[in-house]
Structures are given as structure tokens and as C-alpha cells.
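Accompanying notes for the structure given below.
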Amino acid sequence: MSIRKSLVAIGAATAFVLAGCGTAGENAGEAEGDALSVKASFYPLQYLVEEIGAEKVSVESLTPPGTDAHSLELSPKVVSELSTSDAVVYLHGFQSAVDAAVAETGPSHVLDVTDAAKLAETGA
Numbered sequence: 007m008s009i010r011k012s013l014v015a016i017g018a019a020t021a022f023v024l025a026g027c028g029t030a031g032e033n034a035g036e037a038e039g040d041a042l043s044v045k046a047s048f049y050p051l052q053y054l055v056e057e058i059g060a061e062k063v064s065v066e067s068l069t070p071p072g073t074d075a076h077s078l079e080l081s082p083k084v085v086s087e088l089s090t091s092d093a094v095v096y097l098h099g100f101q102s103a104v105d106a107a108v109a110e111t112g113p114s115h116v117l118d119v120t121d122a123a124k125l126a127e128t129g130a
């Protein structure tokens, strides 16, 4: 699958999840103008969600800038914040700490982009 097709698939899946995070009715939660709180496991996913959701989302990366994404460790505070976010977007199998946190907290809306991101065989 080409990179362009992968990005389109990830974008479509992200838009679908974010659409499901919205609330209906006047008393269904936060005010209509409030942005959805989304946690992304690392920067490329954060960027995609910000571009797709624009002003309708507030996205925070679970991987701080300058941190090795592969060896990420999450604090108990960050793990607990997953359950209160409107959505979590991550790549299953890439960051074991995020995989465990998602399984432990059971956020209400989760988008695993694994199926949309085919990894290339390198022979290494």
C-alpha cells in the first residue's frame, strides 16, 4: 500500500472516530464550541488528528518531544488521563506502554491505525 493510500486510510479512520466522539442534544455534555480532547500516541498521529479535526479537537501527544517513541514509559497520571479523553489514537504494537495503558483504562473511543499503516519489510 502506498504512503498516500495509508495516509488517506488513517485520515478517514480518524475522522470517523472523531465524529463518533461528538454529543447530541443540549444537555449531553460540554458546550457545543468545546474541542474534543484527543490523545495521540506519538507526533505523526497528533499531526494528522490536528489537521483533520482543526479547531474541533485539542490533541496531546503521549510521547514528549525528544523522547524515543519506542521506549516510552507513561506515568500513572498520563495513564489515568486516557480514560477521561474523548478519544485515543495509537499504533498497536509500536509502543508497549501505550498498548498496556489502552487495555488497562478502556477509553470510550479508540482508534488503532495498525490496519491502515502497513509496515515495509526491510529484511533486518
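The sequence shown: position 58 = 64 (my numbering), numbered continuously. Glycine included, each C-beta is placed from N, C-alpha and C at the ideal position.
Report the residue ranges of all beta strand (DSSP E) runs contained in full by the region 99-127; include only those spanning at least 3 residues, in chain order. Fully contained in the region 99-127 are the following beta strand (DSSP E) runs of length 3 or more, in chain order: 116-118.
Could you give the distance in angstroms between the alpha-carbon of Pro71 and the alpha-carbon of Pro50? On the sequence shown, residue 71 is found 65 positions in, with the first residue counted as 1. On the sequence shown, residue 50 is found 44 positions in, with the first residue counted as 1. Cα to Cα, Pro71 sits roughly 12 Å from Pro50.
Alpha carbon to alpha carbon, what distance is there between Leu80 and Ser47? Residue 47 sits at position 41 when you count from the first residue of the sequence shown. Residue 80 sits at position 74 when you count from the first residue of the sequence shown. Each residue's alpha carbon lies about 11 Å from the other.
Give the secondary structure of Glu57 by DSSP, where H, G and I count as helix, E and B as strand, and everything else as coil. Taking the first residue of the sequence shown as 1, we reach residue 57 at position 51. If DSSP states are grouped into helix, strand and coil, Glu57 belongs with the helices.
Which residue from Ser67, Leu125, Asp118 and Leu42 puts its Cα closest to that of Gly59? Indexing the sequence shown from 1 puts residue 59 at position 53. Among Ser67, Leu125, Asp118 and Leu42, the Cα nearest to that of Gly59 belongs to Leu42.
Short of 7 Å in beta carbon distance, which residues of its chain neighbour Ala107, apart from the five on each side in sequence? Order them along the chain. Within the sequence shown, the letter at position 101 stands for residue 107. For Ala107, where only same-chain residues beyond five positions count, the Cβ hits under 7 Å are Leu80, Val85 and Leu88.
Go ahead and pull the three-state DSSP assignment for Gly129. Residue 129 sits at position 123 when you count from the first residue of the sequence shown. Here Gly129 sits in coil by DSSP.
Just how far apart, CA to CA, sit Asp74 and Asp40? Here residue 74 corresponds to residue number 68 of the sequence shown, with the count starting at 1. Here residue 40 corresponds to residue number 34 of the sequence shown, with the count starting at 1. Inter-residue distance for Asp74 and Asp40 is about 32 Å (C-alpha atoms, whole angstroms).
May I ask you to report which of helix, strand or coil DSSP gives Leu42? Within the sequence shown, numbered from 1, the residue matching residue 42 stands at position 36. Note: Leu42 maps to strand in three-state DSSP.
Using only the alpha-carbon positions, how far apart do Val44 and Thr69 sit? Taking the sequence shown and counting its residues from 1, one reaches residue 44 at position 38. Taking the sequence shown and counting its residues from 1, one reaches residue 69 at position 63. Taking the straight line joining both Cα atoms gives about 13 Å.
Rounded to whole angstroms, how far is the Cβ of Ser63 from the Cβ of Val95, which I believe are closer than 8 Å? On the sequence shown, position 57 is the one that residue 63 refers to. On the sequence shown, position 89 is the one that residue 95 refers to. A small fix is needed here, since residue 63 is Val in this sequence, not Ser. Going by Cβ atoms, the distance from Val63 to Val95 rounds to 10 Å, so no, they are not a contact pair.
If the criterion is Cβ atoms closer than 8 Å, does the pair Ala103 and Leu125 meet it? Mapped onto the sequence shown, residue 103 falls at position 97. Mapped onto the sequence shown, residue 125 falls at position 119. No, these two residues do not count as a Cβ contact at 8 Å.
So what's Ser81 in DSSP terms, helix, strand or just coil? Your numbering for residue 81 matches position 75 in the sequence shown. It is coil, neither helix nor strand.
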